[in-house]
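Number of protein chains: 2
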Amino acid sequence: MNLTQLRFVREAVRKNFNLTEVANTLYISQPGVSKQIKELEDELGVEIFERRGKRLTGLTDPGRQLVPVIERVLTDIRNLKQIAEQFSKQDHGQLSIATTHTQARYALPAVVRSFKERYPKVHLALHQASPQQIAEMVARGEVDIGMSTEALDRHPDVVTLPAYSWEHCVVVPEDHPLANVATLTLDAIAEYPIVTYERGFTGRSKIDEAFAAAGLEIDVVLTAIDADVIKAYVEAGFGIGITASMAFDPVRDRGLVRLPAGHLFTTNVTRIGVRRGGYLRGFARDLVQLIAPDTSIADLERFSNGGRSDKEEEAL
Amino acid sequence: MNLTQLRFVREAVRKNFNLTEVANTLYISQPGVSKQIKELEDELGVEIFERRGKRLTGLTDPGRQLVPVIERVLTDIRNLKQIAEQFSKQDHGQLSIATTHTQARYALPAVVRSFKERYPKVHLALHQASPQQIAEMVARGEVDIGMSTEALDRHPDVVTLPAYSWEHCVVVPEDHPLANVATLTLDAIAEYPIVTYERGFTGRSKIDEAFAAAGLEIDVVLTAIDADVIKAYVEAGFGIGITASMAFDPVRDRGLVRLPAGHLFTTNVTRIGVRRGGYLRGFARDLVQLIAPDTSIADLERFSNGGRSDKEEEAL
DNA sequence: TATCCTTACGGAATTCGTAAGCATG
DNA sequence: CATGCTTACGAATTCCGTAAGGATA
């Protein structure tokens with residue numbers, strides 16, 4: 001048994017049991033993958049993969065039990081490398097973050113500035129993706145840290161921590177009838193066509209829930225992934241916008257008015273997530289604290305060991 | 317990085333950083349070990365071992381962090397094999413138990429009989445050792461199950477479960493003055509020379525504690541590891557014996573009398589232990605239930621996953 | 001001086017890629 | 001008939017043992 005074989009098995013599961021794809025992503029010949037997997041199965045004395053004729057179609061019964069342990073082994077192997085880097089490249093290295101447009105554009109710049117001051121030699125890689133994709137990337141260990149308001153804490157292989165809360169606001173052109181109302185109501189908003197986030201992005205779910213609970217039908221004429229696009233369409237007169245409050249900049253967004261809407265929609269909690277069982281290097285832990293300053297040391301400890309059990313926390 | 321390198325590191329720690337011994341126990345040449353360890357260190361970019369000149373003397377700072385993870389990886393690799401065996405050799409295989417003389421001689425025969433009936437093809441290997449050795453053997457994964465009244469639950473890498481409780485008794489020749497007393501007292505026992513277990517064996521600690529608490533000095537003239545030896549010396553008139561109650565057989569031990577002493581010494585709890593993080597095959601779980609029939613299913617579940625966290629229990 | 005680790009080199013074993021063959025949808 | 005897995009074989013790489021050298025207690 002060797003680690004290469006375990007990696008092939010993991011990748012085969014991820015690639016839906018297509019060994020040709022496995023071979024391509026791991027830069028190896030396809031017969032090599034076949035042979036190694038067969039050898040692993042021979043050594044273990046069980047078939048890991050269900051086969052229909054020559055094709056692999058799924059996991060066998062033993063396979064279903066083996067794969068999670070294989071995943072854990074490979075996570076730990078990665079942890080070994082991370083721990084070593086912690087010492088060898090003290091304040092150097094790569095740190096990759098997957099996040100949504102909203103966080104990357106409005107929440108992270110300040111954080112990144114302080115981080116870069118403290119760790120000038122760490123290369124920060126910001127990957128923009130959808131909340132679902134972010135959760136997947138974290139779970140697979142493709143990025144160190146994920147940050148998103150949605151989906152992140154739904155994934156079983158991701159451990160999350162609340163980073164900060166924020167509220168929605170309504171954005172209208174300054175000559176809009178709503179621009180001067182004292183207190184905004186859901187009914188008032190529902191009168192107008194709405195431009196807001198796509199489903200699954202930046203608290204969109206909270207918006208829909210609020211109107212649904214009030215029994216109101218809304219006319220969403222346009223959806224976008226980011227507030228910049230939304231504001232552009234509001235400016236162009238397509239409707240009124242509902243965005244994250246921090247996406248509004250009074251100076252830059254001249255011609256638009258922001259109306260507080262925190263009392264209308266549930267408060268949103270943006271969460272930060274890491275891979276369960278993963279290990280966070282020192283500068284990654286520091287970044288977590290910059291993003292979520294209210295985190296207690298105990299939380300952070302648990303977090304940086306990827307939410308392992310007590311016993312295993314000690315071990316790391 | 318490969319598993320061989322990790323095994324070398326683990327063994328080096330176990331063998332007190334003597335690579336020559338590592339080479340011998342793993343049946344490989346000594347330069348091979350040196351080279352592989354150096355290559356692992358090169359790849360990780362840190363030194364795992366502290367060196368004085370050419371000799372290894374201990375773990376470095378990174379080494380101390382890496383070793384527990386390495387141990388976990390190797391445990392999981394072993395788990396993979398065990399899980400596979402669970403399927404491939406359904407009711408076949410090896411099951412090794414480390415236990416003291418007392419358990420092997422008096423508690424286990426009945427259990428082994430039922431087990432063999434249920435699993436005739438499983439080869440049972442009984443290793444006799446001291447409680448400390450048993451704990452070590454379990455922790456290292458040299459045996460599947462350990463059983464002992466002492467020391468077992470002191471080891472951090474062993475998870476234990478109570479198996480059964482038992483009491484001590486006093487054994488005297490039938491013509492001894494104590495043979496006919498109504499209720500035995502510690503004072504009465506302390507009058508005579510005593511033959512009993514060695515320190516660290518079969519509840520000896522409880523015996524010492526009882527006399528110490530009563531402020532009595534006792535004259536232990538002879539100690540042994542097993543009750544058969546103790547009884548032989550009692551018969552030969554060296555003194556009165558204190559043994560485990562179940563070690564007395566009225567038929568076989570003709571000429572001796574057993575006096576109940578449960579009211580004098582703390583009740584003993586024999587525990588059964590497995591390696592933390594280890595995986596128990598089906599027949600091993602069944603053996604645990606035969607030994608400790610009062611175990612709840614929930615306890616057993618936790619036990620057979622070696623006391624891992626909830627998340628990891630699911631995984632197995 | 002005996003023990004223990006490292007370096008150097010040659011042979012053995014393993015791994016890996018190419019090419020050809022065969023099954024599946 | 002295009003996709004996907006297996007088998008076969010030769011090349012390349014890696015691994016491992018022996019032998020010699022050097023450091024430590």
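Same order as they appear, the protein sequences are chains A and B. All residue numbers for the first sequence refer to the working numbering, where the first residue is 1 and numbers rise by one. All residue numbers for the second sequence refer to the working numbering, where the first residue is 317 and numbers rise by one. Each residue gets a CB set at the ideal place from its N, CA and C atoms; glycine is no exception. Please read these numbers as outputs of a predicted model, since none were measured by experiment.
Under the Cβ criterion (8 Å, minimum of three pairs), the segment 253-268 of chain A counts as touching the segment 173-193 of chain A. Taken in chain order, the complete alpha helix (DSSP H) segments of 4 or more residues contained in the segment 125-201 of chain A are 131-139, 186-190. Not a single CB atom of chain B sits nearer than 9 Å to the CB of A:Ala135. Sixteen is the threshold: since fewer than 16 other Cβ atoms of the shown chains lie within 10 Å of the Cβ of B:Lys437, the residue is exposed.
A:Ala224 sits close to A:Tyr197, with the two beta carbons spaced by under 9 Å.
By the CB criterion at 9 Å, B:Thr465 and B:Thr582 fall outside the cutoff. A Cβ-Cβ distance of about 4 Å is found for the pair B:Gln321 and B:Leu356, placing them in contact under the 8 Å criterion.
If you ignore the 5 residues before and after B:Phe517, its C-beta comes within less than 6 Å of the C-beta of Ile541, all in its own chain and listed in chain order. Close CB contacts of A:Val251 within its chain, under the 6 Å cut and outside five residues either way in sequence, are absent. With fewer than 16 other Cβ atoms from the protein chains shown falling within 10 Å of its own Cβ, A:Ala110 counts as exposed.
Using a Cβ-Cβ cut-off of 9 Å, A:Asp299 does not count as an interface residue toward chain B, since no Cβ of chain B sits closer than that to its own. For B:Asn318, the chain A residues whose C-beta falls within less than 7 Å of its own C-beta are Asn2, Leu3, listed in chain order.
Between A:Gly239 and A:Tyr192 a beta carbon distance of about 6 Å is seen, short of the 8 Å cut, so the two are scored as contacting.
Against chain B, the beta carbon of A:Ala84 has neighbours under 8 Å at Leu360, Gly361, Val362, Pro378, Leu382, listed in chain order.
Judged by beta-carbon spacing, A:Ala139 lies beyond the 9 Å limit of A:Thr99, meaning their Cβ atoms are not closer than that value. At a cut-off of 9 Å between C-beta atoms, A:Phe303 does not count as an interface residue with respect to chain B.
Closer than 9 Å to the CB of B:Ile344 there is not a single CB belonging to chain A.
Counting only Cβ-Cβ distances below 7 Å, B:Ile393 has contacts in chain A at Met1, Val73, in chain order.
B:Arg618 has its alpha-carbon roughly 29 Å from the corresponding atom of A:Ile297. B:His439 is bridged by DSSP to B:Gln410.
A direct Cα-to-Cα measurement between B:Phe599 and A:Val13 gives close to 29 Å. At least 9 Å separates the beta-carbon of B:Asn334 from that of A:Val69. In this structure, the beta-carbon distance from B:Ala560 to B:Lys547 does not fall below 9 Å. A straight line joining the alpha-carbon of A:Leu264 with that of A:Leu287 spans about 32 Å.
In the DSSP annotation of this structure, the continuous segment of the alpha helix (DSSP H) that includes B:Leu356 starts and ends at 346-360. Taking B:Leu596 as reference, the option from B:Gly462, B:Ala420, B:Thr499 with the minimal CA-CA separation is B:Gly462.
Taking a Cβ-Cβ cut-off of 9 Å, A:Lys121 has no neighbours in chain B, whose nearest Cβ is about 15 Å from it.
Fewer than three beta-carbon pairs drawn from the segment 398-406 of chain B and the segment 360-367 of chain B are found closer than 8 Å, and the two stretches are therefore not classed as touching. Bridge pairing for B:Asn395: absent [DSSP]. Residue B:Leu440 holds the alpha-carbon nearest to the alpha-carbon of B:His408 among B:Leu390, B:Thr391, B:Leu440, B:Gly379. In this structure, A:Ala151 lies near A:Pro131, with their beta-carbon atoms less than 9 Å apart.
Listed along chain B, the residues sitting closer than 9 Å to A:Ile70 by beta-carbon distance are Asp392, Leu396. The closest CA to that of A:Ala214, considering only A:Thr185, A:Ala292, A:Glu71, A:Ser29, is found on A:Thr185.
Counting C-beta atoms within 10 angstroms of its own C-beta, A:Gly63 has 16 or more neighbours from the protein chains shown and is therefore classed as buried. Using a CB distance cut-off of 9 Å, B:Lys351 does not count as an interface residue toward chain A.
Of the candidates B:Ile510, B:Ala543, B:Leu538, the residue whose Cα lies closest to the Cα of B:Phe527 is B:Ile510.
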